[in-house]
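Start counting the sequence shown at 1; every next residue gets the next number (the UniProt record's numbering).
C-beta atoms are modelled at their ideal positions from N, C-alpha and C, and glycine is treated no differently.
Source: prediction; values computed, not measured.
A short write-up of the structure that comes next.
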Amino acid sequence: MTGSFGGGLPSGTWRDRWVARIAGTSARRARLGSVPPPPVTGDAKRGLGIVNGQISLGHSRLVPVAEGTFWSQTAPTRAFEADRQCFFWLDDLAALGTGPARKLARAWVAQWFTAQGHGKGPGWTLPVVAARLERLVAHAEWLLSGREGVSAPRFERSLSRHCRFAAARFATLPNGPEGLAVAARLVAASARLEGTDILLARAQDALDRACKTLIGPNGTIAGRAPKTLADAMCFMAEAAQALNDAGLGPHPEHARALIRTAPVVRALRHSNGALARFHGGGGGHVA
Numbered sequence: 001m002t003g004s005f006g007g008g009l010p011s012g013t014w015r016d017r018w019v020a021r022i023a024g025t026s027a028r029r030a031r032l033g034s035v036p037p038p039p040v041t042g043d044a045k046r047g048l049g050i051v052n053g054q055i056s057l058g059h060s061r062l063v064p065v066a067e068g069t070f071w072s073q074t075a076p077t078r079a080f081e082a083d084r085q086c087f088f089w090l091d092d093l094a095a096l097g098t099g100p101a102r103k104l105a106r107a108w109v110a111q112w113f114t115a116q117g118h119g120k121g122p123g124w125t126l127p128v129v130a131a132r133l134e135r136l137v138a139h140a141e142w143l144l145s146g147r148e149g150v151s152a153p154r155f156e157r158s159l160s161r162h163c164r165f166a167a168a169r170f171a172t173l174p175n176g177p178e179g180l181a182v183a184a185r186l187v188a189a190s191a192r193l194e195g196t197d198i199l200l201a202r203a204q205d206a207l208d209r210a211c212k213t214l215i216g217p218n219g220t221i222a223g224r225a226p227k228t229l230a231d232a233m234c235f236m237a238e239a240a241q242a243l244n245d246a247g248l249g250p251h252p253e254h255a256r257a258l259i260r261t262a263p264v265v266r267a268l269r270h271s272n273g274a275l276a277r278f279h280g281g282g283g284g285h286v287a
């Protein structure tokens, strides 16, 4: 479960752009302190389509992508641009896992570093930065390993710039389930990086508050949307795993919310893995 910005790319403010430009000049590096397990999300079939030059992001139609044009071509929808900037396509390429898939993933990441990694482009808002940072950390080993891997110093500088931006714009954390997702993503990423204690502490506190506010005593979430609850549980679980791997552990409300939601999500899941539907909502899948 990677998530998608169904409402499209969040609009950045002048302050977002200003902070992004400042963060983009930083030469500091953020090194991995713990290596995350390989992500289980992603679709190998979609990954094969991407390698073959056809990509669909944000529930868009298939879009042809010629070699070297991924970041320069116009997005057909704002939702496509959001998923492109969040690097959700990395999950599909990693799920495919072939040599060409890894080569393409490395190329697209390196091209983004060159074109937009210095604070340029539309992908510098807190929700997008949190999602992109989490995907970069999750796939770091896959992207960096081997002779043709992404340059480690360049990669680590980008991680640091993302963390610096997130810390400076933390006050723009959204409310509701989206805020829980952003906080959880920042926890999952910063817990695995060295020198990010301040960002991690703020993100953990925000996640704890969101868990207390959004997850009811019976493990449900406001609106009763099964997919929203399943997504929230996955975000909380990924953050808890990163904290445990770092020898820290989740805060109390975070831990209690996980305990409350797990049996509810299991009860909602059908035998085929799809979630039950209520109020006309779409079905989801539990990772």
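Ignore the nearest five residues each way along the sequence and tell me which others in residue i's own chain have a CB closer than 7 Å to its CB.
i       : result
Phe-90  : Sequence inspection shows Leu at residue 90; the Phe mentioned does not correspond to that position. Counting only Cβ-Cβ distances below 7 Å, and skipping sequence neighbours, we find Ala-105, Arg-135, His-139.
Leu-248 : Ala-191
Pro-100 : Val-51
Ala-183 : Leu-173, Ala-203, Ala-206, Leu-207, Ala-210
Which residues in the same chain have their Cβ closer than 8 Å to the Cβ of residue i, if we skip the five residues on either side of it in sequence?
i       : result
Gln-111 : Gly-68, Phe-70, Trp-71
His-254 : Gln-204, Leu-207, Asp-208, Cys-211, Met-236, Ala-239, Ala-240
Gly-149 : Arg-106, Leu-143
Gly-179 : Leu-173, Ala-206, Ala-210
Gly-24  : Gly-117, His-118, Gly-119, Lys-120, Arg-161
Gly-281 : With a pLDDT of only 36 at Gly-281, under 50, the local geometry of the prediction cannot be trusted, and no value is derived from it.
Ser-158 : Phe-113, Gly-117, Leu-136
Per DSSP, residue i is paired with what?
i      : result
Gln-54 : Pro-64
Leu-32 : Leu-193
Between the alpha carbons of residue i and residue j, how many angstroms are there, rounded?
i           : j       : result
residue 301 : Ala-27  : Nothing about residue 301 can be read from this structure; the chain reaches only from 1 to 287.
Ile-198     : Leu-186 : 11 Å
Leu-62      : Ile-55  : 5 Å
Arg-260     : Pro-64  : 44 Å
Leu-144     : Pro-252 : 35 Å
Glu-194     : Ala-66  : 37 Å
Pro-153     : Arg-29  : 7 Å
Ala-257     : Ala-242 : 16 Å
Ala-166     : Thr-114 : 20 Å
Phe-170     : Gly-47  : 33 Å
Leu-32      : Pro-174 : 27 Å
Ala-267     : Thr-220 : 12 Å
Gly-216     : Leu-229 : 11 Å
Val-37      : Arg-17  : Note that residue 37 is Pro in the sequence shown here, rather than Val. In a straight line, the C-alpha of Pro-37 is about 33 Å away from that of Arg-17.
Ala-222     : Ala-168 : 30 Å
Trp-262     : Val-109 : One detail in the question is off: residue 262 reads as Ala in this sequence, not Trp. C-alpha separation (whole angstroms): 35 Å.
residue 291 : Thr-74  : The requested residue 291 is not part of the displayed model; the chain covers only 1 to 287.
Ala-82      : Arg-147 : 31 Å
Thr-196     : Cys-163 : 7 Å
Glu-156     : Thr-77  : 31 Å
Arg-132     : Asn-218 : 32 Å
Leu-200     : Thr-98  : 34 Å
Leu-93      : Leu-214 : 33 Å
Arg-15      : Arg-21  : 10 Å
Val-129     : Cys-86  : 7 Å
Met-233     : Gly-53  : 34 Å
Phe-88      : Val-19  : 24 Å
Arg-102     : Arg-84  : 17 Å
Glu-141     : Gly-49  : 23 Å
Take residue i and list the residues in its own chain whose beta-carbon comes closer than 6 Å to its own, dropping the five residues that flank it on each side.
i       : result
Ala-246 : Ser-34, Ala-191
Leu-44  : Correcting the residue type first, residue 44 is Ala in the shown sequence and not Leu. Once the five neighbours on either side are set aside, the close Cβ partners of Ala-44 are Ala-95, Leu-96.
Glu-238 : Ala-188
Pro-250 : Ala-240, Leu-243
Phe-278 : In this prediction, Phe-278 scores a pLDDT of 33, lower than 50, which makes its location untrustworthy; the coordinate-derived value is nonetheless stated afterwards. Here the set comprises Arg-224.
Count Cβ pairs between the segment 116–133 and the segment 7–16 that sit closer than 8 Å; are there 3 or more? yes
### Message
Quick check for students: name the residue ranges of the alpha helix (DSSP H) that lie wholly in the segment 162–239, counting only runs of 4 or more.
### Response
176–190, 197–214
Output the residue ranges of the alpha helix (DSSP H) runs that lie fully inside the segment 134–166 and measure 4 residues or longer, sorted by chain position.
140–144
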